[in-house]
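Numbering (the numbering used here), first residue to last: 6 to 179.
Printed below as a string of C-alpha coordinates:
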(Lines of atoms letter the chains of each structure in order from A; the text may use other names.)
(Lines give C-alpha, C1' and ligand atoms only; values in the text may rest on other atoms or scores of the structure.)
Protein backbone atom coordinates (compact mmCIF):
# COMPACT_ATOMS: atom_id res chain seq x y z
CA UNK A 6 0.00 0.00 0.00
CA UNK A 7 1.43 3.30 -1.07
CA UNK A 8 1.08 6.35 1.18
CA UNK A 9 -0.01 9.53 -0.50
CA UNK A 10 0.68 12.89 1.02
CA UNK A 11 -2.62 14.39 -0.05
CA UNK A 12 -4.74 11.57 1.36
CA UNK A 13 -2.79 10.25 4.34
CA UNK A 14 -1.25 13.37 5.87
CA UNK A 15 -4.60 14.78 7.11
CA UNK A 16 -5.47 11.38 8.63
CA UNK A 17 -2.08 11.16 10.32
CA UNK A 18 -2.39 14.70 11.68
CA UNK A 19 -5.92 13.99 12.94
CA UNK A 20 -4.72 10.81 14.67
CA UNK A 21 -1.83 12.69 16.29
CA UNK A 22 -4.20 15.44 17.43
CA UNK A 23 -6.53 12.88 19.04
CA UNK A 24 -3.61 11.16 20.79
CA UNK A 25 -2.28 14.52 22.03
CA UNK A 26 -5.79 15.52 23.23
CA UNK A 27 -6.12 12.29 25.22
CA UNK A 28 -2.68 12.80 26.74
CA UNK A 29 -3.38 16.46 27.60
CA UNK A 30 -6.73 15.58 29.23
CA UNK A 31 -5.20 12.86 31.44
CA UNK A 32 -5.63 13.21 35.22
CA UNK A 33 -3.02 15.60 36.62
CA UNK A 34 -2.25 17.26 39.94
CA UNK A 35 -0.89 20.60 41.05
CA UNK A 36 2.62 19.31 40.35
CA UNK A 37 1.75 19.43 36.63
CA UNK A 38 -0.17 22.71 36.77
CA UNK A 39 2.56 24.39 38.79
CA UNK A 40 5.88 22.54 38.37
CA UNK A 41 8.36 22.84 41.23
CA UNK A 42 5.84 24.61 43.46
CA UNK A 43 6.75 24.23 47.13
CA UNK A 44 4.74 27.00 48.79
CA UNK A 45 5.81 28.77 51.95
CA UNK A 46 2.33 30.22 52.48
CA UNK A 47 -1.15 29.00 51.55
CA UNK A 48 -3.93 31.57 51.81
CA UNK A 49 -7.55 30.50 51.50
CA UNK A 50 -10.46 32.87 50.90
CA UNK A 51 -13.95 31.42 51.43
CA UNK A 52 -17.25 33.08 50.63
CA UNK A 53 -20.80 32.11 51.58
CA UNK A 54 -23.72 33.99 50.02
CA UNK A 55 -27.27 33.29 51.10
CA UNK A 56 -30.50 35.16 50.53
CA UNK A 57 -30.12 36.94 53.84
CA UNK A 58 -26.41 37.35 54.41
CA UNK A 59 -22.91 37.27 53.00
CA UNK A 60 -19.96 36.05 55.01
CA UNK A 61 -16.28 35.74 54.14
CA UNK A 62 -13.56 33.88 55.97
CA UNK A 63 -9.83 33.83 55.42
CA UNK A 64 -7.21 31.35 56.45
CA UNK A 65 -3.45 31.82 56.20
CA UNK A 66 -1.20 28.84 56.77
CA UNK A 67 2.59 28.88 56.81
CA UNK A 68 4.97 26.05 55.97
CA UNK A 69 6.11 23.95 58.88
CA UNK A 70 2.75 23.84 60.65
CA UNK A 71 0.60 20.73 60.86
CA UNK A 72 -2.40 22.53 59.31
CA UNK A 73 -0.28 23.66 56.35
CA UNK A 74 1.15 20.17 55.81
CA UNK A 75 -2.31 18.57 55.97
CA UNK A 76 -3.82 21.02 53.47
CA UNK A 77 -0.84 20.88 51.09
CA UNK A 78 -0.99 17.08 51.16
CA UNK A 79 -4.73 17.13 50.43
CA UNK A 80 -4.25 19.58 47.55
CA UNK A 81 -1.45 17.45 46.05
CA UNK A 82 -3.78 14.43 46.06
CA UNK A 83 -6.43 16.22 43.94
CA UNK A 84 -6.63 15.01 40.33
CA UNK A 85 -7.91 17.28 37.59
CA UNK A 86 -8.45 16.99 33.86
CA UNK A 87 -7.71 19.87 31.50
CA UNK A 88 -9.70 20.56 28.38
CA UNK A 89 -7.57 20.47 25.22
CA UNK A 90 -9.32 23.77 24.38
CA UNK A 91 -7.25 25.36 27.19
CA UNK A 92 -4.27 25.44 24.84
CA UNK A 93 -6.29 27.49 22.35
CA UNK A 94 -7.25 29.94 25.12
CA UNK A 95 -3.62 30.21 26.20
CA UNK A 96 -2.67 31.11 22.63
CA UNK A 97 -5.69 33.41 22.14
CA UNK A 98 -6.47 34.91 25.59
CA UNK A 99 -9.48 36.89 24.31
CA UNK A 100 -11.33 33.55 24.19
CA UNK A 101 -11.13 33.24 27.99
CA UNK A 102 -14.52 32.50 29.52
CA UNK A 103 -16.08 31.33 26.27
CA UNK A 104 -16.18 27.72 27.48
CA UNK A 105 -17.33 28.36 31.04
CA UNK A 106 -20.21 30.82 30.59
CA UNK A 107 -23.09 29.09 32.35
CA UNK A 108 -24.33 30.36 35.71
CA UNK A 109 -23.76 28.00 38.62
CA UNK A 110 -26.35 28.10 41.36
CA UNK A 111 -25.37 26.79 44.77
CA UNK A 112 -27.35 24.02 46.36
CA UNK A 113 -28.50 24.26 49.97
CA UNK A 114 -25.51 24.58 52.32
CA UNK A 115 -23.03 25.03 49.46
CA UNK A 116 -20.24 27.54 49.91
CA UNK A 117 -19.92 29.80 46.89
CA UNK A 118 -16.19 30.34 46.54
CA UNK A 119 -12.97 28.80 47.74
CA UNK A 120 -9.91 30.58 46.44
CA UNK A 121 -6.53 29.04 47.29
CA UNK A 122 -3.38 31.08 46.73
CA UNK A 123 0.13 29.72 47.01
CA UNK A 124 3.17 31.90 47.70
CA UNK A 125 6.71 30.64 47.35
CA UNK A 126 9.86 32.50 48.37
CA UNK A 127 12.25 32.32 45.44
CA UNK A 128 15.09 33.96 47.35
CA UNK A 129 14.43 37.27 45.59
CA UNK A 130 12.23 40.27 46.28
CA UNK A 131 9.55 38.73 44.05
CA UNK A 132 7.70 35.70 45.38
CA UNK A 133 6.18 33.08 43.11
CA UNK A 134 2.39 33.17 43.28
CA UNK A 135 -0.10 30.58 41.98
CA UNK A 136 -3.85 30.29 42.28
CA UNK A 137 -6.44 27.48 42.39
CA UNK A 138 -10.16 28.29 42.62
CA UNK A 139 -13.42 26.46 43.31
CA UNK A 140 -16.75 28.20 42.51
CA UNK A 141 -19.88 26.33 43.67
CA UNK A 142 -19.11 23.22 41.62
CA UNK A 143 -16.32 24.11 39.19
CA UNK A 144 -12.55 24.18 39.58
CA UNK A 145 -10.17 26.49 37.73
CA UNK A 146 -6.57 27.60 37.86
CA UNK A 147 -4.77 30.80 36.99
CA UNK A 148 -2.12 30.60 34.29
CA UNK A 149 -0.14 33.77 34.99
CA UNK A 150 2.26 33.07 32.11
CA UNK A 151 -0.59 33.49 29.62
CA UNK A 152 -2.79 35.80 31.72
CA UNK A 153 -5.85 33.52 31.72
CA UNK A 154 -7.93 31.52 34.17
CA UNK A 155 -8.64 28.05 32.80
CA UNK A 156 -11.27 25.49 33.79
CA UNK A 157 -10.42 22.15 35.34
CA UNK A 158 -12.61 19.06 35.37
CA UNK A 159 -12.70 16.61 38.25
CA UNK A 160 -14.65 13.45 38.90
CA UNK A 161 -16.98 14.27 41.83
CA UNK A 162 -15.56 17.80 41.75
CA UNK A 163 -18.61 19.36 43.43
CA UNK A 164 -18.55 16.97 46.37
CA UNK A 165 -14.77 17.11 46.81
CA UNK A 166 -14.67 20.92 46.54
CA UNK A 167 -17.57 21.48 48.91
CA UNK A 168 -16.15 19.03 51.47
CA UNK A 169 -12.77 20.77 51.38
CA UNK A 170 -14.40 24.23 51.50
CA UNK A 171 -16.55 23.32 54.52
CA UNK A 172 -13.56 21.86 56.39
CA UNK A 173 -11.54 25.02 55.73
CA UNK A 174 -14.56 27.19 56.63
CA UNK A 175 -14.65 25.60 60.08
CA UNK A 176 -10.88 25.83 60.44
CA UNK A 177 -10.97 29.54 59.53
CA UNK A 178 -13.55 30.16 62.28
CA UNK A 179 -11.18 28.92 64.98
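Backbone N, C-alpha and C define an ideal beta-carbon position, used for all residues, glycine too.
Taking the CA atoms as reference points, residue 25 sits about 46 angstroms from residue 179. Under the DSSP definition of a beta bridge, residue 156 partners with 145. Membership of residue 67 in the beta strand (DSSP E) is indicated by the continuous run 59-67. Between residue 135 and residue 42, the C-beta spacing is below 8 angstroms. Shown here, residue 124 sits in a strand according to DSSP, grouped into three states. Going by C-alpha positions, residue 83 is about 14 angstroms away from residue 170. Counting along the chain, no alpha helix (DSSP H) covers residue 31, and no H or E run does either. In the DSSP assignment, residue 136 falls within the beta strand (DSSP E) that extends over 133-140. Residue nearest to residue 37 within the set 80, 161, 65 is 80 (criterion: CA-CA distance). Shown here for residue 54: same chain residues with a beta carbon closer than 8 angstroms to its own, the five before and five after excluded, namely 111, 117 in chain order.
Burial check for residue 127: the Cβ neighbour count within 10 Å stays below 16, so the residue is exposed. Annotation: the continuous beta strand (DSSP E) that includes residue 46 extends over 46-54. In this structure, residue 142 sits near residue 162, with a CB-CB distance shorter than 8 angstroms. Going by DSSP, residue 78 is part of the alpha helix (DSSP H) stretching over 71-82. Secondary-structure assignment with DSSP links residue 118 through a beta bridge to 52, 140.
If you draw a 10 Å sphere on the C-beta of residue 32, you find fewer than 16 other C-beta atoms in it, and that means exposed.
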